[in-house]
Amino acid sequence: GELYDEIGQRLIQNPDGTFTTDDGNFLRFKFNNTTIHFVNHTVNKLWENGSESSVEVQLLQDGTPYGTPVELNDANAWTYTWQQLDDSYTWSVVEVNIPEGYQSTTVVSADGLTTTITNTKLVTPAVEDPANPTDTTVTPNKRGESVKTSDSFNALAWSLILGTSFVSILFTMYIRRKIQNEHS
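So the sequence shown is numbered by our numbering: it starts at 68 and just counts up by one.
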């Protein structure tokens, strides 16, 4: 039962519990006791406008997958709690595969111990089948009536403006010639 240090010197235990080497040097040991605190992390799954039969969620330790994915479904009331997790890490949860047609949002509680993942079913507008239109009302055009277009050209108004301008020009030319003939 003799004790030796890492370089092979024999250690002698003193009555007070300390150790010295053969040459009388005291050895000092530093112990760093840390207490690990444990936490639980709960995930809740919510659905808006629909639901699926199950989903898988993955616990993350400082952003890295930890353990195996857990299935959430009606049988476990869409919730799960991981227990006895070392609180010196940051724990979070992600959904493994978001079902098609859903948008997922994740909310973490202020204390960081509960994650709620909500999947909202995306509403897609109904696309009308061109082969079977829903509105089949056809209003026939009256015979002899022209088809309305986006052109708002009023031929009568423009004809009046053009005619008035032409008459004004002719009148002006007549007056000028008359004045020139009187001065000549």
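Think of the CB as a built atom: it goes at the ideal place given N, C-alpha and C, for glycine as much as any other residue. Model, not experiment: these values are computed from the prediction.
Extent of the continuous beta strand (DSSP E) to which residue i belongs
i      : result
Gln247 : Per DSSP, Gln247 belongs to no beta strand (DSSP E); it is in the alpha helix (DSSP H), Ala222 to His250.
Tyr147 : Thr146 to Asp153
Glu162 : Trp158 to Glu162
Rounded Cβ spacing between residue i and residue j (contact assumed at less than 8 Å)
i      : j      : result
Thr148 : Asn107 : 5 Å
Val163 : Glu195 : Not confirmed; about 36 Å, so no contact.
Thr88  : Gln76  : 5 Å
Whether residue i touches residue j by CB criterion (8 Å)
i      : j      : result
Thr173 : Thr182 : yes
Thr109 : Thr146 : yes
Ser176 : Ile184 : no
Glu119 : Pro192 : no
Phe105 : Asp153 : yes
Gln125 : Tyr156 : no
Glu138 : Ser121 : yes
Beta-bridge partners of residue i, as assigned by DSSP
i      : result
Ile79  : Thr87
His108 : Trp149
Ser176 : Answer by DSSP bridge pairing: none, since Ser176 is not bridged.
Pro132 : Leu127
Ile74  : Paired residues: none, contrary to the question.
Leu113 : Thr185
Val122 : Leu139
Buried versus exposed, by CB contacts within 10 Å (16 or more), residue i
i      : result
Lys112 : buried
Asn116 : exposed
Tyr169 : buried
Lys189 : A quick correction: the sequence has Leu, not Lys, at residue 189. Looking at its Cβ environment, which holds fewer than 16 other Cβ atoms inside 10 Å, Leu189 is exposed.
Asn186 : buried
heavy atom of the ligand NAP below 7 Å from residue i C-beta
i      : result
Asp153 : The model on display carries no ligand, and the ligand NAP is accordingly not part of it.
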